[in-house]
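According to our numbering, the sequence shown holds residues 361 to 644 in order.
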Amino acid sequence: ITAYQRGEVSVDRIEVILTVEPKIKDAADAVELPTPVIGSIAARHLTYTYPGAKTPALKDVNFTIKPGETVAIVGAIGAGKSTLANALPRLLNVAPSQLFIDGQDITEVKLKELRGAIAYVPQESFLFGTSIKNNIRYGNPLAEQPEVEAAAKQAQIHPEILNFPQEYKTVVGERGITLSGGQRQRTALARALLVDAPVLILDDALSSVDNQTASDILHNLATGTDRKTVIFISHQMSAAATADRIFVMEKGEIVQVGSHKELVGQTGLYQYLWNQQKLEELLH
């Protein structure tokens, strides 16, 4: 097969992809968000079932998150944490009148507006084979060096970048192969912070970062002068404990809500998860 024929096949595949209608798209009368977006989030009887599934991944979920509040969401694998994270920027097609940002039903908001107000960091973020500076600036390519460094400092990656051979000009390799898992995650976090969206979702985005550093990052986000609404989904109980409030999820439902101090003193799932992690830390 010639290079020309391979090229023809590639072009055909791209054309097929470009002609596919997205499953999630703007409503005919979609609106813009009020400005400025302050980042209040509410769920009212939020229920979601994946196509083909017999049981809902989210069941009658209700909550209100205040602007600038840091909320941790914890629970066992399969509890519905990531489903909730994916629902907020409409990566899942949730039903109308169940999820709101600044009082506006997210299904009535233009997708570009909604996703522009939310910085979403998954567990595995893609890094490009370019400089670490360009990776951080990906969502804000006009950002100046001081802004890049400020985001890196918030993400607790700045001191390590200064130790790289060419500091911020160091090329990280395709998919960030030259970085450790924790460095990749903190670089992705710095990128999200530089976008400066009012809502920040961290979906197990610090899983490769040690507990102390993750706790420091959450503390900085929660106490900074430019406070965002932060939703921190994690199995790292020590870091989750620094949040203003904690939602404990089990089988698609929120079963406990409160601060660490309130929940750790109650008999329930949170106390069990906390004690289990502390025991694991002692054994290791």
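Even for Gly, the Cβ is constructed at its ideal location relative to N, Cα and C. Quick caveat: nothing in here was measured; it's all calculated off a predicted structure.
So which of the options has the shortest CA-CA distance to residue i?
i: Thr589; options: Tyr480, Glu392 and Lys638; result: Tyr480
i: Glu641; options: Gln572, Ser619, Thr602 and Gly625; result: Gln572
i: Ala402; options: Gln505, Pro449, Pro416 and Met597; result: Pro449
i: Ile496; options: Ser598, Glu429, Tyr528 and Val569; result: Tyr528
i: Ser400; options: Val531, Asp465, Thr490 and Pro506; result: Asp465
i: Ala436; options: Ala548, Leu578, Glu610 and Glu534; result: Glu610
i: Lys493; options: Gln526, Ile461 and Gly463; result: Gln526
i: Ile398; options: Asn453, Pro427 and Thr407; result: Pro427
i: Gln516; options: Thr547, Val532, Phe524 and Glu534; result: Thr547
i: Pro506; options: Gly499, His518 and Tyr498; result: His518
i: Ser598; options: Thr583, Asp586 and Leu578; result: Leu578
i: Gln636; options: Ala574, Leu502, Gln596 and Thr415; result: Gln596
i: Arg535; options: Ser491, Leu566, Glu504 and Asn500; result: Ser491
i: Asp586; options: Asn453, Gln458, Gln514 and Val508; result: Gln514
i: Leu459; options: Leu643, Arg404, Ser540 and Ser567; result: Arg404
i: Ala477; options: Pro456, Gly489, Gly499 and Ser457; result: Gly499
i: Ile593; options: Leu566, Pro416 and Leu406; result: Leu566
i: Leu406; options: Leu418, Thr602 and Asp570; result: Leu418
i: Pro456; options: Leu633, Tyr408 and Tyr632; result: Tyr408
i: Leu451; options: Lys385, Gly628, Asp570 and Gly489; result: Lys385
i: Pro558; options: Ile461, Gly438, Ala413 and Glu504; result: Ile461
i: Ala503; options: Asp556, Lys414, Ser540 and Val454; result: Asp556
Name the DSSP beta bridge partners of residue i, please?
i: Arg605; result: Val431
i: Gln616; result: Val608
i: Ala403; result: Phe423 and Leu459
i: Asp563; result: Ile593
i: Val391; result: Val469
i: Tyr632; result: According to DSSP, Tyr632 bridges with nothing at all.
i: Gln464; result: Ile461
i: Leu408; result: Rather than Leu, the amino acid found at residue 408 in this sequence is Tyr. Leu418.
Starting from residue i, trace the beta strand (DSSP E) both ways and give me its first and last residue.
i: Arg544; result: Here Arg544 belongs to no beta strand (DSSP E); instead the alpha helix (DSSP H) covers Gly541 to Val555.
Alpha helix (DSSP H) containing residue i: first to last residue?
i: Lys472; result: Leu471 to Gly476
i: His579; result: Asn571 to Thr583
i: Lys441; result: Lys441 to Ala447
i: Gln526; result: Run containing Gln526: none; DSSP gives neither H nor E here.
i: Gln626; result: Counting along the chain, Gln626 falls outside any alpha helix (DSSP H), and DSSP gives it neither H nor E.
i: Asn495; result: Ile492 to Ile496
i: Gln483; result: Where Gln483 is concerned, there is no enclosing alpha helix (DSSP H), given that its DSSP letter is neither H nor E.
i: Pro506; result: Gln505 to Gln514
Roughly how far, in whole angstroms, is the beta-carbon of residue i from the beta-carbon of residue j, given that I think they are within contact range, below 8 Å?
i: Tyr630; j: Ile606; result: 7 Å
i: Thr467; j: Ala388; result: Contact doesn't hold; Cβ gap of about 12 Å is too wide.
i: Thr430; j: Leu639; result: Thr430 to Leu639, Cβ: 26 Å. No contact.
i: Ala600; j: Ala432; result: 4 Å
i: Ile521; j: Ala512; result: 6 Å
i: Val434; j: Val624; result: About 12 Å separates the two Cβ atoms, so there is no contact after all.
i: Gly542; j: Val569; result: 4 Å
i: Gly463; j: Val531; result: Actually they are not in contact, since the Cβ atoms of Gly463 and Val531 sit about 45 Å apart, beyond 8 Å.
I want to know whether the stretch 485-496 touches the stretch 402-422 - three or more CB-CB distances under 8 Å. no
Would you call the stretch 393-402 in contact with the stretch 465-481, where contact means no fewer than 3 C-beta pairs closer than 8 Å? Yes: the two stretches touch, three or more of their Cβ pairs being nearer than 8 Å.
When you compare the stretch 552-562 with the stretch 613-620, are there three or more beta-carbon pairs, one atom per stretch, that lie closer than 8 Å? Here the stretch 552-562 does not lie against the stretch 613-620, with fewer than 3 beta-carbon pairs under 8 Å apart.
Indicate whether the contact test is met: 3 or more Cβ pairs, each with one atom in the stretch 433-445 and one in the stretch 556-566, closer than 8 Å. yes
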